[in-house]
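Below: one structure, written as structure tokens.
Residue numbers (this note's numbering), protein chains in the order written: chain X, 1 to 553; chain L, 554 to 1106.
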């Protein structure tokens, strides 16, 4: 059964492995929600499937659960009202989680990888349902939820499965070792078995419940570890659907469905902190704020901890060959999902003396005007604006945005009325003016639609500030605009020093906050914003161990 | 220059990579000290080179050093009297260590790997000198010091370099990504650069100063990290020679020699603990006792910590087809280097009702007699015995051995007179009788020539005790003797559960305490005895990070 699953998906696995090695373009799951791709009925059926969950009890049983939680409200203005079992008895949960571990270990890499790939296929058939669930928990606009929360998340999951597969199978299952000697050679037969570390805990976030949780989930599951999924209380449904799909495939393939469980909680239950220090928990994947991420790295000593936290994403503007395209590209990056991405740019350094362009030197004020005009083009029409901005995910973002209005505002935020959802909270980004002296402001992340235009003494100072700030406070992304090869070289060098990926002169359809699975690494693990990267060898290699036996033959 | 070095050693690298993937037999450095292999003069010249160091000042300069330390005494009964710079000013040391890091990063995997392979070649030319240095610091007999401290250590170093090479080069240096679209494809050129984590600290041990330090040293250096080598105060010379060779090759190739430094100390300086928590130190490789190893895992949170500690290595004896060969194999494992190996067997579980053999059932007393007779054959002649036993490395081992004499002694230890070194401390192993109830004794490691024959209610209980004890206290090795396929299967399953490598029915020239580079993993990282394994992907993958840049083309 399980080998048949691997056979069914073998081409996809091989393609993913090859793309990860070449870093060339590959995608296994079409990112277009077009009826031409997914069929005329898919969008409607997916929306109906999502709506059928609303106000009801999600049909999952969690070992050790007691009572129910219902904690989700759409940023588009309505309560989801879905109830999930409240995970209470951690002993019972972890005991049930481990119950099927040995059978899962013994089926081997082929069997586990086949099951994981089949789960992706099942999730793919529910991509419109997932997109609606992601939209109405994260606040992402529908198309983004379909892409980032559906197709791209599936690609990132496949990438993690491919890396885990490569890592598990680089050591053969058996080998014969023959050492020549004076007489008969010494000859030994050896076996090498992949064994799991223990229970894996995946702690989901509010803004990217699938995209940020699936890589760790499938990397741990594929390497033999049972997975407890602890969703953010405001974004449970996408992961409940995920766990349901996992359990269905596991059960059909003859495994204990509790190898993947959902651990939902009330916001004050502190379930993640409780689970994270349990001796049974040996792997943790976390996406979220620095405070709890740092706490996990510090306190969950018994586990290998992978964190994606936050930093101050930086753009150094020196000069450009296409001022309008640069402004348009930056404006899009500020606007996409209202800047509520760990990869959205925040700090834009530029010389106080101005930026050389194809149309002469532009002063900082003119750059701000250029970005403002580009924002107006993108967001001037409310109906179009909401499809880029999505909704403000929570009150924390809103209050930071409100507080920003007290600054030196270059471009003001504006309230947008959603044509379909009256009660949606939608805002355009704001741009504030700072100088190099305002380190107390720009050295902290202001998560949401707030960006800073920071005037420096020149590009050398801009690069120095970039290097220093990222080394101390981290970043998920960085970008540079310059027509000078020397500046580009200096910026590359600074990015290597700071340990952050660099995008150079983005003027077209690629944006600094987007990364492509199989080619772009997400996060580097080389600065304080994250200790892990999607997906490199380090992300999978320590999720399992190889145990050998040997005997004379 | 550096590419020429890689070219020179390319075949060796490729062979090592291939062997690591196939786990078949491979060795790059001949383990025979025979003149036919190394030439008539090699042994004498190496001994003379070693003796030339005695009583003198070793010509290394350590940044921030002040004064000198001279801390080594041969277990064969004389002071080495070699002086090394005493590392005092940690700021100066770490600053100098980092000074050449950027140049070392920028030369890339090819350049660094070429330098590392050239260092191995230089160390190989000094293998007899190293063997003498290892012998007279660890107490290993000469041939073992030549093999384990020389040839096998070089093979393990090569293995680590090969794994690091594979891991660094699995991502290409550049790639072109082209995403099809409705109009022109999106086309981006990407670069991927391996960047180091920071300073790597290698903390050496007394018993295997080279074999246990070189894998971490070369894994870190090859991936771009400067390395500070902190030797055990009783085993400095082998690592001083190592650092000297590293610095010579680095300098010749145009790099800062302080990329590898020696940090020698007085025994009470606590230099390792001071260095281990410095923010500059991002990688730590440690071999030694559990107390400090656990402390490092707990406290050095800014670093990735790789530890090889200790456990209770176990043999389950159920039945055998060749009683004499089994006793001989076990006796050799107890005797080799007086059991002063983290891989030496300690706990031998067997049914109180006896062990089935080709010659009928043997009672525990008869098994003890068989082992005793085998020990007598191996060690009855003092001149031959010392070549297997080596010297007792320190007073701690001696006092544990003395204390063991108060137990229920089945085979007594005996003092051996070394024909060449009057003042050498040489002892044969002792075997004590315990029962399953004596957990307070057998659940702790008694490092040195002390083994326990533990009577159980039967093989089922033996296997249960093995599984449970190793899960709680760890083990580097395990072995089983049985003619029953069912017992072997049960024991394999228990070994997977306990996370320890298993040797089955060793009756010939392979011993449980020995592992072969490129084929056998040393340690598993899956039980409390070690959190790392020589060498798997996890041992190298997190020693560096990949930083990318991308731009439209």
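Beta carbons: idealized from backbone N, C-alpha and C, even for Gly. If you're wondering where the values come from, they're calculated on a predicted model, not measured in any experiment.
Residue closest to residue i, alpha-carbon to alpha-carbon, out of the options
i: residue 328/X; options: 299/X, 404/X, 355/X, 370/X; result: 370/X
i: residue 847/L; options: 837/L, 856/L, 860/L; result: 860/L
i: residue 315/X; options: 322/X, 309/X, 448/X, 343/X; result: 343/X
i: residue 760/L; options: 871/L, 1036/L, 694/L, 1083/L; result: 694/L
i: residue 778/L; options: 977/L, 1006/L, 662/L; result: 662/L
i: residue 418/X; options: 390/X, 537/X, 281/X; result: 390/X
i: residue 639/L; options: 697/L, 784/L, 1085/L, 1079/L; result: 784/L
i: residue 380/X; options: 43/X, 81/X, 427/X, 398/X; result: 427/X
i: residue 281/X; options: 229/X, 151/X, 143/X, 17/X; result: 229/X
i: residue 916/L; options: 929/L, 870/L, 953/L, 632/L; result: 870/L
i: residue 279/X; options: 291/X, 474/X, 302/X; result: 302/X
i: residue 711/L; options: 840/L, 755/L, 961/L, 580/L; result: 580/L
i: residue 420/X; options: 526/X, 3/X, 75/X; result: 75/X
DSSP three-state assignment for residue i, whether helix, strand or coil
i: residue 548/X; result: strand
i: residue 215/X; result: helix
i: residue 610/L; result: strand
i: residue 690/L; result: helix
i: residue 662/L; result: helix
i: residue 714/L; result: helix
i: residue 433/X; result: strand
i: residue 394/X; result: coil
i: residue 1123/L; result: Residue 1123/L lies beyond the residue range present for chain L, which begins at 554 and ends at 1106; the question has no answer from this structure.
i: residue 851/L; result: helix
i: residue 271/X; result: helix
i: residue 632/L; result: strand
i: residue 309/X; result: coil
i: residue 356/X; result: strand
i: residue 68/X; result: strand
i: residue 486/X; result: helix
i: residue 763/L; result: coil
i: residue 504/X; result: strand
i: residue 26/X; result: coil
i: residue 261/X; result: strand
i: residue 964/L; result: strand
i: residue 573/L; result: helix
i: residue 791/L; result: helix
i: residue 627/L; result: strand
Residue i: contacting residues in chain X (beta-carbon distance under 7 angstroms)
i: residue 723/L; result: 21, 537
i: residue 1078/L; result: 545
i: residue 1104/L; result: 504, 505
Residues that residue i contacts on chain X, provided the C-beta gap is smaller than 9 angstroms
i: residue 739/L; result: 25, 508, 509, 510
i: residue 731/L; result: 24, 25
i: residue 745/L; result: 23, 521
Bridge-paired residues (DSSP) for residue i
i: residue 756/L; result: 783/L, 839/L
i: residue 188/X; result: 177/X, 552/X
i: residue 649/L; result: Answer is none; residue 649/L lacks a bridge partner.
i: residue 416/X; result: 426/X
i: residue 1009/L; result: 904/L
i: residue 481/X; result: 317/X
i: residue 362/X; result: 355/X
Contacts that residue i makes with chain L (C-beta to C-beta distance below 7 angstroms)
i: residue 521/X; result: 1099, 1101
Proximal chain L residues relative to residue i, where beta-carbon distance stays under 9 angstroms
i: residue 151/X; result: Per Cβ cutoff of 9 angstroms: no residues; residue 151/X is ~13 angstroms from chain L at best.
i: residue 175/X; result: 575, 576, 577, 1072
Quiz item: Which residues, in order along the region 1087 to 1102 of chain L, keep a beta-carbon less than 7 angstroms from a beta-carbon of chain X?
Solution: Within the region 1087 to 1102 of chain L, the residues whose Cβ lies closer than 7 angstroms to some Cβ of chain X are 1089, 1090, 1091, 1094, 1095, 1098, 1099, 1100, 1101, 1102, listed in chain order.
Exercise. Determine which residues of the region 1046 to 1069 of chain L have a Cβ less than 9 angstroms from any Cβ of chain X, and write them out in chain order.
Key: Hits within the stretch, in order: 1046, 1048, 1049, 1050, 1051, 1052, 1053, 1054, 1055, 1056, 1057, 1058, 1059, 1060, 1061, 1062, 1063, 1069.
Quiz item: Residues in the region 1012 to 1045 of chain L with C-beta within 7 angstroms of chain X's C-beta atoms, listed in sequence order?
Solution: Residues of the region 1012 to 1045 of chain L with a C-beta less than 7 angstroms from any C-beta of chain X: 1045, listed in chain order.
Practice problem: Select from the region 104 to 137 of chain X all residues with a C-beta closer than 8 angstroms to any C-beta belonging to chain L, and list them in chain order. | Solution: So the close ones are 105.
Quiz item: Closer than 7 angstroms, Cβ to any Cβ of chain L: which residues of the region 248 to 271 of chain X, in chain order?
Solution: Correct list: empty, as no residue qualifies.
Quiz prompt | Selection of the region 846 to 862 of chain L by Cβ proximity to chain X, strictly under 8 angstroms | solution = For the region 846 to 862 of chain L, residues whose beta-carbon sits nearer than 8 angstroms to a beta-carbon of chain X comprise 850, 851, 854.
Practice problem: With 8 angstroms as the C-beta to C-beta threshold (strictly closer), list the residues of the region 60 to 85 of chain X near chain L in chain order. | Solution: Result list empty, no residue passes.
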